[in-house]
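Numbering (the numbering used here), first residue to last: 19 to 165.
Read through the structure below, which is laid out as C-alpha cells, and then see the notes.
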Ligand code: DQA
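What follows is the structure, encoded as C-alpha cells:
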C-alpha cells in the first residue's frame, strides 16, 4: 500500500480549543482519524505527525523521498517565516500539497504570503478540516499520475 506523510506544524496540537473562530472546534486527533479513514478508503496509508519544532519537521521531510509516496503539510506559522522548510520541501521530489484550515488570504497581511508554497504542487486553504480530505484526493491523483 502506498504511504503518505501528513505533517502539522506548531500549535496545531491545540486545535479544538485554539481560536475556534478561525480553526473550528475539531481536534487534531479527530482530523487524524478522518485522514486515516479517508486514506483507507483510497487504498493509501498515512503517517500523521505534529511538531512544534522546526528542525523536527525538517528531519521528517528528509524521510519523504525514501519512505513515502507524497507529503501533505500544514506548516502553520512556519508557512510565513521558514526558508529552511521551503528548502527541505524543494529537496523532496515526491508530490507535495500544502493545507491550511483557514483562508490565509483573507487574514492579516503577514499571513497572506506563503513562503513554503513555492515548493509545493498545490495549496488548499479555507475549507476547515475538509481541506485535509481534499488534499488526500489531490495527492492520490498526483501519485498515480507520476507512477
Ligand atoms: C494555519 C494558518 C497559519 O497562518 C497559522 O499560523 C496556523 C494555522 C491554518 O491551518 O489555517 O497556525 O496554517
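For glycine and all other residues, C-beta sits at the position ideal for the given N, C-alpha and C.
None of these values were measured; they are calculated from a predicted model.
Assigned secondary structure, residue i (DSSP; H/G/I helix, E/B strand, else coil)
i: residue 133; result: coil
i: residue 54; result: helix
i: residue 92; result: strand
i: residue 26; result: strand
i: residue 21; result: strand
i: residue 144; result: coil
i: residue 43; result: coil
Check: residue i C-beta below 6 Å from any heavy atom of the ligand DQA
i: residue 120; result: yes
i: residue 3; result: With the chain represented from 19 up to 165, any question about residue 3 goes unanswered, as that position is not in the structure.
i: residue 108; result: no
i: residue 129; result: yes
i: residue 29; result: yes
i: residue 92; result: yes
Sequence-distant residues of the same chain with beta carbon closer than 8 Å to residue i, five excluded per side
i: residue 96; result: 27, 28, 72, 75, 103, 134
i: residue 141; result: 115, 116, 117, 118, 132, 135
i: residue 70; result: 27, 28, 29, 31
DSSP bridge partner residues for residue i (one or two, in chain order)
i: residue 126; result: Paired residues: none, contrary to the question.
i: residue 33; result: In DSSP, residue 33 forms no bridge with anything.
i: residue 62; result: 20
i: residue 117; result: 142
Own chain partners of residue i with C-beta closer than 6 Å, once the 5 adjacent residues on each side are dropped
i: residue 158; result: 60
i: residue 123; result: 130
Contacting residues, own chain, Cβ-Cβ under 7 Å from residue i (five flanking each side not counted)
i: residue 56; result: 151, 154
i: residue 50; result: 66
i: residue 136; result: 104
i: residue 110; result: 79, 82, 83, 89
- Item | Segments of 4+ residues assigned as alpha helix (DSSP H) that fall wholly inside the segment 64-115 | If we require 4 residues or more, the alpha helix (DSSP H) runs fully inside the segment 64-115 come out as 72-85, 101-108.
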